[in-house]
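Right, one structure below, let's go through it.
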Amino acid sequence: MNYDQILQASFPCVYRICAAQGAYTIPDREMMVRALQSGFCLTGARYNGILRVDMAVASLWPYAAAQFPSDHFPHRLAAAVQLLQALHFGENQPPPVAELAQELSAALDDLEHLLEAEHDAARPARPAAAAEPAPEEKA
Numbered sequence: 032m033n034y035d036q037i038l039q040a041s042f043p044c045v046y047r048i049c050a051a052q053g054a055y056t057i058p059d060r061e062m063m064v065r066a067l068q069s070g071f072c073l074t075g076a077r078y079n080g081i082l083r084v085d086m087a088v089a090s091l092w093p094y095a096a097a098q099f100p101s102d103h104f105p106h107r108l109a110a111a112v113q114l115l116q117a118l119h120f121g122e123n124q125p126p127p128v129a130e131l132a133q134e135l136s137a138a139l140d141d142l143e144h145l146l147e148a149e150h151d152a153a154r155p156a157r158p159a160a161a162a163e164p165a166p167e168e169k170a
């Protein structure tokens, strides 16, 4: 199993979206904060979940940037997971790093659950199984 397959198995719904969106560059945290302060807002739980992941990635990036050759990744999920791995998922890290790693991990989990629920809701309802006739009682 290669790395991409592991990501797909771990976060199937997030993987589907991230792979479809393609290449990802770590966002600049200050730029994101300015955009949010200026009223830039995406509507909907899906977009807010993606924004939460992006904000956590941008906030963690300065602590791990030196461990990467560039800020370009195959997709958003690869960037998030590789960042968490580089920082040992926050274990034995100073408080701000540990807290941000926990936030990124929670953001990924929450986004996966949200996308899974959206996917389930979009599935056509299965027809109800026909009720079996009750056995006839003998008198």
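Residue numbers (our numbering): 32 to 170. No residue lacks a Cβ here, since even glycine has one placed at the ideal position from N, Cα and C.
Pick from the options: whose alpha carbon is nearest that of residue i?
i: F120; options: V88, H150 and E149; result: V88
i: L139; options: Y78, M63 and A54; result: Y78
i: P93; options: P105, A76, F42 and L114; result: L114
i: I57; options: E122, S101 and I48; result: S101
i: H150; options: Q98, I48 and V112; result: I48
i: F42; options: S136, P126 and N123; result: S136
i: Q36; options: F99, A109 and Q116; result: A109
i: Y16; options: Q124, P105 and R154; result: Past the boundaries of the shown model lies residue 16; the chain is included only from 32 to 170, so the question cannot be answered.
My guess is that residue i and residue j are in contact by the Cβ rule of under 8 Å, so how many angstroms apart are they, rounded?
i: G38; j: G80; result: Here residue 38 turns out to be Leu, not Gly, going by the sequence shown. Not confirmed; about 17 Å, so no contact.
i: H103; j: A50; result: In fact, because the Cβ distance is near 15 Å, the residues do not count as touching under 8 Å.
i: C44; j: E147; result: 5 Å
i: A95; j: L118; result: 5 Å
Tell me, please, which residues DSSP counts as bridged to residue i.
i: Y55; result: F104
Tell me which residue opens and which closes the alpha helix (DSSP H) that residue i is part of.
i: N79; result: A76 to A95
i: M63; result: R60 to Q68
i: P127; result: P126 to A153
i: L38; result: Y34 to S41
Give a yes or no on whether the C-beta atoms belonging to residue i and residue j are separated by under 8 Å.
i: A132; j: L91; result: yes
i: R65; j: V84; result: no
i: A40; j: L145; result: no
i: M62; j: M86; result: no
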